[in-house]
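For the sequence shown, the residue numbers in my numbering are 2 to 373.
Glycine residues also receive a C-beta, built at the ideal position from the N, C-alpha and C atoms.
A short worksheet on the structure shown next.
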Amino acid sequence: MKRITPIILSVFMSSFMALYAQESKLEDAQSSAYENPGDQAFLAFKIKQLNQKKAAIIKAEKEALASFVLEVDQRQMKGLISLETASALKKEAAALRADNIAKRSAIIDLEIELLQKNDGDLVQAPTELKDLDKGAEFSMEINGKPFVFFKEKQVKYDRRTYSDFVISMGLNNLVNFDQDIEGVEDVDFQLGGSRFFEFGWVWRTRMFENSNFLRLNYGIMFQYNGLRPKNNQYVGVIDGQTQLAVFEQDLRKSKFRTDNLVFPMHLEFGRSDRMERDDKIRYSIQNSFRIGIGGYAGINLSSRQKLKYTQNGERVKEKLKQGYDVSQMVYGLSAYAGRGGTQLYAKYDLSPLFASGPISGNNISLGVRFDL
Numbered sequence: 002m003k004r005i006t007p008i009i010l011s012v013f014m015s016s017f018m019a020l021y022a023q024e025s026k027l028e029d030a031q032s033s034a035y036e037n038p039g040d041q042a043f044l045a046f047k048i049k050q051l052n053q054k055k056a057a058i059i060k061a062e063k064e065a066l067a068s069f070v071l072e073v074d075q076r077q078m079k080g081l082i083s084l085e086t087a088s089a090l091k092k093e094a095a096a097l098r099a100d101n102i103a104k105r106s107a108i109i110d111l112e113i114e115l116l117q118k119n120d121g122d123l124v125q126a127p128t129e130l131k132d133l134d135k136g137a138e139f140s141m142e143i144n145g146k147p148f149v150f151f152k153e154k155q156v157k158y159d160r161r162t163y164s165d166f167v168i169s170m171g172l173n174n175l176v177n178f179d180q181d182i183e184g185v186e187d188v189d190f191q192l193g194g195s196r197f198f199e200f201g202w203v204w205r206t207r208m209f210e211n212s213n214f215l216r217l218n219y220g221i222m223f224q225y226n227g228l229r230p231k232n233n234q235y236v237g238v239i240d241g242q243t244q245l246a247v248f249e250q251d252l253r254k255s256k257f258r259t260d261n262l263v264f265p266m267h268l269e270f271g272r273s274d275r276m277e278r279d280d281k282i283r284y285s286i287q288n289s290f291r292i293g294i295g296g297y298a299g300i301n302l303s304s305r306q307k308l309k310y311t312q313n314g315e316r317v318k319e320k321l322k323q324g325y326d327v328s329q330m331v332y333g334l335s336a337y338a339g340r341g342g343t344q345l346y347a348k349y350d351l352s353p354l355f356a357s358g359p360i361s362g363n364n365i366s367l368g369v370r371f372d373l
């Protein structure tokens, strides 16, 4: 939805400017009718004037919504946007207009209440609505100083780069293609208990001037890869080497984790909906199927292990953070495919987990990826 809101922003601003001009003319024409604050006739006139202003606001907001819905329907019939995108645009526009009516009406109702409490004798603060080279500004003077309520920046005509917060999660394990594995029992780490988690920020840039089919996806991610040894084992440093060893007590939990900072980069393919207006062009991939192929590179931040066991009838929890001879440079291949903001995601470390020692293998992960 965050890409839909900018589409209707310019329509809202233009209708607001027109409504303000209309209201100013109404006030100028009628302001000289009553000039005695505190008089009941003056109070009744001001309240009537404010109610007329509220009615004009409601009418203008409804007309702006109807105009926007008509334009969206025309674009959908021409095939410029999908039915799902059109429905989403109209739904958010209706919500925005309803919110505008409620908030602007509440301001007028408050002014009416203040007039009634003060018998119409209310100090008027000068207000100003003006066009700027870089947007629109609405302000009023308070104690002789201008107070800006909002200042909207100029809408950029064509955005080639978009950004998303991304989360990935799923299963993780260690694989060595040089070893013969006949079954699940030959794997040293639990299949279901070993997991990974990633989060970070990515940018998506259109590669061509007039086509959004090919995009470069890049960013920064924090990556957590977890492994749970089987058969009451843990990752220990014995005689200077990192290896799997049997723990002296019965382990209730054994988990080894590496934390990495990586910079992913993917070539992303997929169609998108082109939404074109007089003042801007936008591309939406909200309902489109897409595929990303690429990789990542980064550094290891830390490695740690958590052990839970019972000793002498007491529950013990140990958190160990020491040098496990983990590879300091991390790099690998990754890919994703899916519709909209949800994709299947896979990654494989080309760098070994441990720089040396008897535990040989590379992290491999499979899960889901969400663009938020």
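Could you tell me which residues DSSP puts in a beta bridge with residue i?
| i | result |
| --- | --- |
| Thr162 | Thr206 |
| Glu62 | DSSP, once it has assigned bridges, lists no residue as partnering Glu62. |
| Pro1 | Nothing can be reported for residue 1, as the shown portion of the chain is limited to 2 through 373. |
| Asn261 | Gln224, Asn301 |
| Leu170 | Strictly speaking, residue 170 in this sequence is Met, with Leu absent from that position. Met170 is bridged to Phe198, Val369. |
| Met78 | Answer is none; Met78 lacks a bridge partner. |
| Glu269 | Arg216, Gly293 |
| Thr343 | Arg340, Phe371 |
Do you know how far the Cα of residue j is from the Cα of residue i?
| i | j | result |
| --- | --- | --- |
| Ala42 | Asn119 | 14 Å |
| Asn288 | Glu199 | 24 Å |
| Arg207 | Ile294 | 15 Å |
| Lys63 | Asp372 | 33 Å |
| Leu217 | Met266 | 7 Å |
| Gly342 | Val317 | 42 Å |
| Val12 | Leu308 | With a pLDDT of only 46 at Val12, under the threshold of 50, the placement of this residue in the model should not be trusted; the figure read from the coordinates follows. About 59 Å. |
| Ala96 | Gly220 | 33 Å |
| Arg98 | Leu215 | 35 Å |
| Lys1 | Val70 | In the structure as shown, the chain starts at 2 and stops at 373, and residue 1 therefore has no counterpart that could be examined. |
| Ser357 | Gln344 | 35 Å |
| Glu319 | Asn226 | 19 Å |
| Phe178 | Gly80 | 49 Å |
Do residue i and residue j have their CB atoms nearer than 8 Å?
| i | j | result |
| --- | --- | --- |
| Ile365 | Val167 | no |
| Gln234 | Thr311 | no |
| Lys54 | Ile109 | yes |
| Tyr346 | Tyr337 | yes |
| Gln242 | Pro353 | no |
| Gly201 | Met170 | no |
| Asp181 | Leu245 | no |
| Val236 | Gln306 | yes |
| Val331 | Ala298 | yes |
| Ser385 | Arg275 | No statement about residue 385 is possible, as the shown extent of the chain runs from 2 to 373 and does not include it. |
| Phe270 | Arg291 | yes |
| Ile282 | Asp165 | no |
| Glu114 | Leu51 | no |
Below 7 Å CB to CB, which residues in the same chain sit around residue i once its five sequence neighbours on both sides are set aside?
| i | result |
| --- | --- |
| Leu302 | Asp260, Asn261, Leu262 |
| Val73 | Ala87, Leu90, Lys91 |
| Ser32 | Model confidence at Ser32 stands at a pLDDT of 45, short of 50, so the residue's coordinates are unreliable and nothing is read from them. |
| Phe247 | The sequence shown places Val at residue 247, rather than the Phe named in the question. Asn233, Gln234. |
| Ser273 | Asn213, Tyr284, Ser285, Ile286, Ser289 |
| Leu84 | Gln77 |
| Ile239 | Ala246 |
| Ser25 | The pLDDT assigned to Ser25 is 49, lower than 50, so where the model puts this residue is not dependable, and the model offers no usable value. |
If I measure Cβ to Cβ from residue i and keep anything under 6 Å in the same chain, skipping five residues before and after, which residues do I get?
| i | result |
| --- | --- |
| Gln224 | Glu199, Asn261, Val263 |
| Asn211 | none |
| Tyr163 | Arg205 |
| Ile58 | Arg105 |
| Leu367 | Gly171, Leu172, Ala347 |
| Leu252 | Asn233, Tyr310 |
| Ser304 | Thr259, Tyr325, Val327 |
How would you label residue i, buried or exposed, when you count the other beta carbons within 10 angstroms and need 16 or more for buried?
| i | result |
| --- | --- |
| Ala94 | buried |
| Leu334 | exposed |
| Ala30 | Interpretation of Ala30 is limited by its pLDDT of 43, a score under 50 that renders its predicted location unreliable; no figure is taken from the coordinates. |
| Val203 | buried |
| Gly193 | exposed |
| Gly324 | exposed |
| Gly362 | buried |
Report all residues from its chain with a CB closer than 8 Å to the CB of residue i; omit the five preceding and five following residues, and keep chain order.
| i | result |
| --- | --- |
| Arg161 | Thr206, Arg207 |
| Ile82 | Val73, Arg76, Leu90, Asp274, Arg275, Met276, Ser285 |
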